[in-house]
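Note that the numbering used here has the sequence shown beginning at 36, numbered continuously upward. We treat Cβ as the ideally placed atom computed from N, Cα and C, and that holds for glycine. Report on the following structure.
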Amino acid sequence: MKKTLLLSFAFACALGASAQITKGTKLLGGNHTWYKTTIETNNNTTDQKSYFLQPSFGIAVRDNVAFGVRGGYQSQDYGPGSGFQDHTYKGFTAGVFARRYAGLGSRFYVFGDGGLDFSRNKLRQTNTDFVRTAKTTGVTLGVSPGVTYAATRRLHLEVMLANLLSFGFNQTDDESNSLGGRNFTRTQNFNASVNGSAFSQLNIGFRIVL
């Protein structure tokens, strides 16, 4: 948590630096996250593998400030220790973003990325006599700080702390069918969070400068 606060403070201090991304610059690229988590429940151990890909396109509407659109695909797979024959989670996102850059020397930048994203995802769990499907639709407003390195004039590499601060709403339709019959529930949630563990899920990405 201390490291997260220090990075955020450094980002805020750097915003006063001179502009580095000039008006009219186009940014084509995206972010990628992959991580593996070991989960222990009821003396069972299973590996959760998560994958997230987010392509995007933006344009600098003035020096140092870019607006754009982005999409995303997320997948989570669980090992046999989860207790289900099939246990998967898949989702899609689409949204818009605004990004503010500040230069740190000749090749490094810090940035703040604010985005509004719509998401739909589906969780599925099955056994011989049990099927559960949970479909969630949501909207999230998030703020993500990051660091960019200009490897060449046309290629920027970056690391971002996804949704360090976020606000959202989601609705989940959860249906299960078993020998005991059908069960259906619908839940709606508003949430606000500060992701103090964001360092465990860094987004690694790139931008092609056009």
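Out of curiosity, what's the CA-to-CA distance linking residue i and residue j?
{"i": "Asp148", "j": "Thr187", "result": "22 Å"}
{"i": "Tyr136", "j": "Gly103", "result": "14 Å"}
{"i": "Val145", "j": "Thr207", "result": "36 Å"}
{"i": "Gly181", "j": "Leu196", "result": "6 Å"}
{"i": "Asn156", "j": "Thr172", "result": "7 Å"}
{"i": "Thr73", "j": "Thr57", "result": "44 Å"}
{"i": "Leu246", "j": "Gly59", "result": "Since the displayed the chain opens at 36 and closes at 245, residue 246 lies outside it and no answer follows."}
{"i": "Phe132", "j": "Phe225", "result": "21 Å"}
{"i": "Ala227", "j": "Gly107", "result": "21 Å"}
{"i": "His191", "j": "Thr81", "result": "37 Å"}
{"i": "Arg167", "j": "Arg159", "result": "6 Å"}
Is residue i near residue j, with beta carbons less than 7 Å apart?
{"i": "Leu151", "j": "Gly130", "result": "yes"}
{"i": "Arg242", "j": "Leu62", "result": "yes"}
{"i": "Thr123", "j": "Asp112", "result": "yes"}
{"i": "Ser110", "j": "Phe165", "result": "no"}
{"i": "Asn205", "j": "Asn230", "result": "no"}
{"i": "Ile239", "j": "Val194", "result": "yes"}
{"i": "Gln55", "j": "Gly140", "result": "no"}
{"i": "Thr222", "j": "Ser201", "result": "no"}
{"i": "Ala169", "j": "Asp121", "result": "no"}
{"i": "Tyr184", "j": "Phe143", "result": "yes"}
Could you check what DSSP says for residue i in three-state terms: helix, strand or coil?
{"i": "Ile56", "result": "coil"}
{"i": "Phe165", "result": "strand"}
{"i": "Thr172", "result": "strand"}
{"i": "Asn205", "result": "strand"}
{"i": "Phe119", "result": "coil"}
{"i": "Arg189", "result": "coil"}
{"i": "Leu41", "result": "The pLDDT assigned to Leu41 is 46, lower than 50, so where the model puts this residue is not dependable; a value taken from the coordinates is nonetheless given after this. Reduced to three states, the DSSP call for Leu41 is helix."}
{"i": "Gly140", "result": "coil"}
{"i": "Phe46", "result": "Interpretation of Phe46 is limited by its pLDDT of 47, a score under 50 that renders its predicted location unreliable; no figure is taken from the coordinates."}
{"i": "Leu158", "result": "strand"}
{"i": "Leu245", "result": "coil"}
{"i": "Asn238", "result": "strand"}
Per DSSP, what are the beta-bridge partners of residue i in this structure?
{"i": "Ala129", "result": "Gly106 and Phe153"}
{"i": "Gly215", "result": "Note: Gly215 sits in no beta bridge, so no partner."}
{"i": "Asp82", "result": "Thr73"}
{"i": "Asp148", "result": "Arg134 and Ser179"}
{"i": "Ser91", "result": "Gly64 and Arg105"}
{"i": "Asn226", "result": "Gly203"}
{"i": "Asn99", "result": "In the DSSP output, where bridge partners are listed per residue, Asn99 has none listed."}
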